[in-house]
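Q:
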Amino acid sequence: MNWGKELRAFRQRTGLKQEAAAHLLGVSQAYVSRLENSTASPSTQLETKLERLLQEPEHRPLFEHFRTTISHSPHLISMLAEIDGKVHVDTVSEALRDHGAPFHLLTPGEVLESKNSDVIEILDAFLDLGAFSGRIASMQVTWTYDYEGEPVSHWRTTEIPVRDDAGRWYLHGAHVQITAEEKQQLLKDWGGPIKVRTFADDEADDAPSAANDTAAA
């Protein structure tokens, strides 16, 4: 096994700094750097520590456990990330992939691309609205999966921004299949395919109404 490559991939996936990895392994940060650059080879004892770090649950950051719950969820769930201005697939539940098209080809780490105009518009909106920078509380979208120009299925997806241990933002998406009539109603109710909820909306909901203030007085 290429331990340096595996360790770098693990750190990138979890947001673990080289200094933190060095502390867990009992080596210096400089040694971790050499290991990842393939200029150092681990001893048998260090290989055991690396294996534990990469595989045993207690050594995973909290967000890595969160990814695992998504992967094994019986629900239709995905998580997206923004990398270099493009939306990437981060995690996909087994149930979502097993559901079939259009989710069966989703591969973690790949850029999320589509020929469907609905999806292209929504992905652009994710970036324009700052969904990957913590600027919104939640977002609901409705879209259609087309195959060769013909609608196959209609969806309502709720996207919730979540942050990992390193402070990076992701979109946790829950997908529900709906009818064409339900999609049209959502488009009418929302005035378009996207409904954004801001933190100001949440604060307004939490604030007591004027009627309640008067009653309390």
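End of the sequence shown = 390 in this note's numbering, gap-free, step of one. Glycine residues also receive a C-beta, built at the ideal position from the N, C-alpha and C atoms.
1. Would you mind reading off the limits of the beta strand (DSSP E) that contains G364?
2. Could you tell me the distance, in whole angstroms, from the CA atom of I256 to the CA atom of D337?
3. Report the rounded CA-to-CA distance for Q358 versus V349, giving the unit in angstroms.
4. With a threshold of 7 Å on Cβ separation, who are the neighbours of S201 within its own chain once the five nearest residues in sequence on each side are excluded?
5. Does L223 come out as helix, strand or coil in the three-state DSSP assignment?
6. Between the stretch 207-227 and the stretch 236-252, do three or more beta carbon pairs fall short of 8 Å?
7. According to the neighbour-count rule (16 or more other Cβ atoms, all chains shown, within 10 Å of its Cβ), is G346 buried or exposed?
8. Start and end of the alpha helix (DSSP H) containing G177?
9. Following the continuous alpha helix (DSSP H) through A339, name the residue where it begins and the one where it ends.
10. Within 10 Å of its beta-carbon, does E332 have 16 or more other beta-carbons around it, so buried, or fewer, so exposed?
11. Would you check if there are 3 or more beta carbon pairs closer than 8 Å linking the stretch 286-297 to the stretch 263-273?
12. Looking at the structure shown, is D297 part of a helix, part of a strand, or coil, going by DSSP?
13. Grouping DSSP H, G and I as helix and E and B as strand, with all else coil, what is T330?
14. Considering only the beta carbon of each residue, do F236 and T280 sit closer than 8 Å?
15. Measuring only the C-alpha atoms, how far is A213 from Y204?
16. On the DSSP bridge list, what partners appear for R240?
17. Compute the distance between the beta-carbons of T315 and L360, then report whether it is under 8 Å.
18. Do the CB positions of R270 and H261 come within less than 8 Å of each other?
19. Just to confirm, are L180 and E220 a CB contact at a threshold of 8 Å?
20. Report the CB separation of L344 from A310 in whole angstroms; it is logged as a contact under 8 Å.
21. Using DSSP with H/G/I as helix, E/B as strand and the rest coil, what is H408?
A: Let me spell this out:
1. No beta strand (DSSP E) contains G364, which DSSP labels as neither H nor E.
2. 14 Å
3. 15 Å
4. Counting only Cβ-Cβ distances below 7 Å, and skipping sequence neighbours, we find A195.
5. helix
6. Here the stretch 207-227 does not lie against the stretch 236-252, with fewer than 3 beta-carbon pairs under 8 Å apart.
7. buried
8. W176 to T187
9. Neither: A339 is in no alpha helix (DSSP H) and is coded neither H nor E.
10. buried
11. no
12. helix
13. Under the three-state reduction of DSSP output, T330 falls in the strand class.
14. no
15. 7 Å
16. The secondary-structure analysis by DSSP pairs R240 with nothing; it has no beta-bridge partner.
17. yes
18. No. Outside cutoff.
19. no
20. L344 to A310, Cβ: 12 Å. No contact.
21. Only positions 174 to 390 of the chain appear in this structure, which leaves residue 408 out of reach.
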